[in-house]
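Here the structure comes first, spelled out in structure tokens, and everything after it is commentary.
2 protein chains.
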Amino acid sequence: MARAATTSDAFNAVAEPQRRRILVLLKGRERPVNELARALRITQPRTSKHLRVLREVGLVRVREAGQQRLYGLEARGLQPVHEWVIGFEQYWNENFDRLNEYVKKLQQKEHADGKRS
Amino acid sequence: MARAATTSDAFNAVAEPQRRRILVLLKGRERPVNELARALRITQPRTSKHLRVLREVGLVRVREAGQQRLYGLEARGLQPVHEWVIGFEQYWNENFDRLNEYVKKLQQKEHADGKRS
DNA sequence: TTGACATATGCCGATATGGACATATATTTG
DNA sequence: CAAATATATGTCCATATCGGCATATGTCAA
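Here the protein sequences come in this chain order: A and B. Counted the way the numbering used here counts, the first sequence spans residues 6 to 122. Counted the way the numbering used here counts, the second sequence spans residues 6 to 122.
Here it is as structure tokens:
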């Protein structure tokens, strides 16, 4: 077998730096391809290809506007990523460390109390 | 130029399904390589390679324990991902839509009041 | 219709990757 | 030390990409 396809879901689409930048640029307002290309300082073809990936995984939508196409953010597609990551929040949060210590102390106390009674 | 390296940051490390599963398995407790391999039903070498990637981007830490190595979650490495994604929350949240409508109505009201006064 | 402008695609080259296998390296035991 | 157990690595294969370039497709204006 070979390398697994990587441009098939939001996680992979977002793994590409340029694509992340595109999404950031689309916050708030739609933009035509050339504008994005200029902003990112990359060629138009490359921009179109990234946009295609983003479109295929549902992170952007297109709207025809005369001779140009306006790309807009489809943020809902980022929810799976958010939900997955948020599942780890408690593990990096300082509060978690404190809670952990607290629980530890509590257990020691319980232990002591247990012995005592 | 050629393809950009993809296993150099958390975003890319997490783009791989198996690696995501490994991280999930490491929530709460450390685990030796073989246990992970069995749980994921993938070969040990493959598991070690995924762990290497995760280690290089700082998402897991290793601890020698006799003849085995215990891998533990280093959730802090996921913060950049979380922070990036959270920046889009308002755009997918329904509340945002409601807030938007609310603001719009408020502005109309202000407008009306302005006219009236 | 022709020309200018905006995008999308196809093709090629260089390289990164995931996976399977065999094997090297360590550590613990007998 | 030798055997067993646990991991890490190197090699080979097939394929997925990213990027550049040339070019096809589509749209609007004169």
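Positions of the beta carbon are idealized from the N, C-alpha and C atoms, including for glycine. Nothing here was measured: the structure is a model prediction, and the numbers come from that model.
- Counting along the chain, no beta strand (DSSP E) covers residue 79(B), and no H or E run does either.
- Contact between the stretch 79 to 99 of chain B and the stretch 57 to 70 of chain B is present: 3 or more CB-CB pairs across the two stretches fall below 8 Å.
- DSSP places residue 69(B) within a strand segment (E or B) once states are collapsed to three.
- If you compare the alpha carbons of 13(B), 75(B), 59(B), 50(B) with that of residue 26(B), the shortest gap goes to 59(B).
- No Cβ-Cβ contact shorter than 8 Å links residue 41(B) with residue 78(B).
- In the three-state reduction of the DSSP assignment, residue 34(B) falls in the coil class.
- Its Cα nearest to that of residue 74(A), the residue 56(A) stands out among 44(A), 21(A), 56(A), 88(A).
- Taking CB atoms only, residue 55(B) has no neighbour in chain A less than 8 Å away.
- Contact check for residue 86(A) against residue 19(A) passes: the beta carbons are separated by less than 8 Å.
- Nearest CB-CB separation between residue 80(A) and chain B: below the 8 Å threshold.
- The DSSP-derived three-state label of residue 98(A) is coil.
- Nearest Cα to residue 22(B) within the set 51(B), 69(B), 35(B): 51(B).
- In summary, residue 17(B) is buried, with 16 or more beta-carbon neighbours lying within 10 Å of its beta-carbon over all protein chains present.
- Put simply, the CB of residue 20(B) is near chain A, with a gap under 8 Å to one of its CB atoms.
- In the three-state DSSP reduction, residue 45(B) falls in the helix class (H, G or I).
- Secondary structure at residue 40(B): helix, using DSSP grouped into helix, strand and coil.
- Considering only 94(B), 92(B), 88(B), the residue with the shortest C-alpha distance to residue 98(A) is 88(B).
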